[in-house]
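Quick notes on the structure that follows.
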Amino acid sequence: MKLIAGNWKMFKGPRETREFCAAFSTPAGVDAVLCPPFVSLPAAVESGHTVFAQNVHWADDGAFTGEISAPMLLELGVSGAIVGHSERRQYFGETDETVARRTVAALRHGLRVIACVGESLEERESGQMDLVLRLQVETIADVAGAEEGLAIAYEPVWAIGTGQTATPEQAREVHAFIKSLLDVPVLYGGSVKPDNAEELLSQEGVDGALVGGASLDVESFTAICQAAAT
Ligand code: PEP
């Protein structure tokens with residue numbers, strides 16, 4: 006079954022979350038996950054949908070202002086977390102090492118994890134893509150291994166929020182490369198929309214999608230989930 010995760014980023018407080026959740030139902034044959042901001046997690050969990058956080062810290066508690074731990078998420082009924090999103094890496098100093106620490110701590114507590122990797126345009130064009138992806142994936146693989154509950158999201162940074170997607174061939178190629186390093190489900194992310202979802206999701210090695218912008222609207226997120234179920 007394909008995993009379709011909607012990363013809402015810093016959109017939708019509790020009221021809008023309740024509205025979305027009331028209007029959304031997961032199509033049969035797909036594992037649909039909603040990833041709202043931290044403050045909206047209780048509202049999303051109450052709706053009965055599967056809910057992931059957008060980040061999780063490696064410690065159970067401690068002096069880490071602004072962070073949230075795995076036990077706190079579990080207490081709310083949250084099922085998993087995204088870690089290492091490129092926006093966290095780009096704007097908040099997340100590194101391969103911190104991503105790996107967050108991943109392994111969350112898995113040990115029984116949370117599912119979507120760990121994000123992906124190259125920038127500059128890295129792709131200068132021929133460094135394989136090296137960058139290898140480092141990102143192997144740092145996670147070294148500590149977590151191919152553990153149950155772990156998925157990688159391949160999100161080329163140049164495709165996130167830009168309307169540009171990897172071609173189906175590019176996605177196939179990179180997903181195969183990632184799986185050769187760590188044999189877990191690999192999701193594609195980067196401007197997935199209702200009109201390109203079916204083609205991307207039907208590629209070999211594409212086990213689902215991490216959807217940003219198009220996950221904010223119930224109809225478009227539902228359409229993407231339906232494309233995954235076919
Ligand atoms: C994302 O936020 O992970 C993402 C892929 O965003 P978008 O679908 O808007 O490109």
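In my numbering, the protein residues as written are 6 to 235. The beta carbon of each residue, even a glycine, is placed where N, CA and C say it ideally should be.
In this structure, does DSSP put residue i in helix, strand or coil?
| i | result |
| --- | --- |
| F16 | coil |
| F57 | strand |
| V211 | coil |
| H90 | coil |
| L79 | helix |
| S185 | helix |
| A171 | coil |
| S125 | coil |
| S131 | coil |
| S45 | helix |
| T31 | coil |
| L206 | helix |
| S52 | coil |
What are the residues that DSSP puts in a beta bridge with residue i?
| i | result |
| --- | --- |
| D36 | L8 |
| R117 | G85 |
| Y242 | In the structure as shown, the chain begins at 6 and stops at 235. Residue 242 is therefore absent and cannot be evaluated. |
| S74 | H62 |
Assign residue i to buried or exposed, taking buried as 16 or more other Cβ atoms, counted over all protein chains shown, within 10 Å of its Cβ.
| i | result |
| --- | --- |
| Y96 | exposed |
| R94 | buried |
| E160 | buried |
| M129 | With the sequence shown as reference, residue 129 is identified as Arg, and Met is not the correct amino acid for it. Result: buried. |
| T251 | In the structure as shown, the chain starts at 6 and stops at 235, and residue 251 therefore has no counterpart that could be examined. |
| M134 | buried |
| S131 | exposed |
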